[in-house]
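Notes for the one structure printed next.
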Amino acid sequence: QERLLLLSLLIFFMISAASSHGAIYKPPLVPSLTDRFNRVAVNQGYSEFFGHSNIRLLNNGSNADLILNKSSGSGLVSRNKYHHGFFNAAIKLPSGFTSGVVIAFYLSNADLFPHNHDEIDIELLGHEKRRDWVLQTNIYGNGSVRTGREEKLYLWFDPTQEFHQYSILWNSHHVV
Numbered sequence: 001q002e003r004l005l006l007l008s009l010l011i012f013f014m015i016s017a018a019s020s021h022g023a024i025y026k027p028p029l030v031p032s033l034t035d036r037f038n039r040v041a042v043n044q045g046y047s048e049f050f051g052h053s054n055i056r057l058l059n060n061g062s063n064a065d066l067i068l069n070k071s072s073g074s075g076l077v078s079r080n081k082y083h084h085g086f087f088n089a090a091i092k093l094p095s096g097f098t099s100g101v102v103i104a105f106y107l108s109n110a111d112l113f114p115h116n117h118d119e120i121d122i123e124l125l126g127h128e129k130r131r132d133w134v135l136q137t138n139i140y141g142n143g144s145v146r147t148g149r150e151e152k153l154y155l156w157f158d159p160t161q162e163f164h165q166y167s168i169l170w171n172s173h174h175v176v
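If you count the sequence shown from 1, position 19 lands on 19 in the UniProt record's numbering, and the numbers rise without skipping.
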């Protein structure tokens, strides 16, 4: 009886392995998480923070290209203050050698607490050829990672080929 059970399990696993070999994964067709939240147009919710000449508004101000050149980058800052929410950015990274460049999407209260601020970051670290792109997340509490957390993820895709959604979901109990 035990031999029959073991033989049955072995055959089952062999059939499963053979049937999944070469199969192409297709993600389910479900609504995107970003479609479940209201959107704020760039020209309605943000102001230029730095690099004015490197910010190009698109689609009547709905979107923006933030450009990096040899002299400067660019940045936007929210016109509103938030305590919780869903924050998302569609980002396409610059191609080529970008070592030393950090593309960041983050939440901070440094304007209120400049020496002791909190921060939630998504950072895409500069790239060298033949190395994986790195996405680094940081959560700082009271201006320190000791009360927060820092993680690095090595991307399995090329973030320079198309726009990808990077999101922070923050409520009174969790940050995801």
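We put the CB at the ideal spot given by N, CA and C, even for glycine.
- If you look at G85, you'll find it in the beta strand (DSSP E) that goes 85-91.
- Around the beta carbon of L124, 16 or more other beta carbons sit within 10 angstroms, so the residue counts as buried.
- For N43, the uninterrupted alpha helix (DSSP H) run begins and ends at 42-45, by DSSP.
- In the structure shown, the three-state DSSP call for L33 is helix.
- DSSP places G148 in the strand class (E or B) of the three-state scheme.
- The straight-line gap separating the alpha-carbon atoms of W156 and V134 is approximately 9 Å.
- Counting C-beta pairs closer than 8 Å gives fewer than three between the stretch 63-70 and the stretch 27-34, which falls short of the contact rule.
- Using a Cβ-Cβ distance cut-off of 8 Å, the stretch 67-76 and the stretch 46-53 are in contact, since at least three pairs of beta carbons, one from each stretch, lie closer than that value.
- Per DSSP, reduced to three states, the secondary structure at N138 is strand.
- A straight line joining the alpha-carbon of A90 with that of H115 spans about 30 Å.
- Rounded to whole angstroms, the gap between the alpha carbons of P28 and K92 is 23 Å.
- Secondary structure at H174: coil, using DSSP grouped into helix, strand and coil.
- In this structure, the CA atom of L57 is about 10 Å from the CA atom of A41.
- When only Cα atoms are considered, N138 and N59 end up about 32 Å apart.
- By the criterion of a C-beta distance shorter than 6 Å, V101 is surrounded in its chain by G126, once the five residues flanking it on both sides are discounted.
- Around the beta carbon of Y154, fewer than 16 other beta carbons sit within 10 angstroms, so the residue counts as exposed.
- Around the CB of F87, 16 or more other CB atoms lie within 10 Å, so the residue is classed as buried.
- Out of H84, G45, I55, Q44, the CA that lies nearest to the CA of L169 is found in H84.
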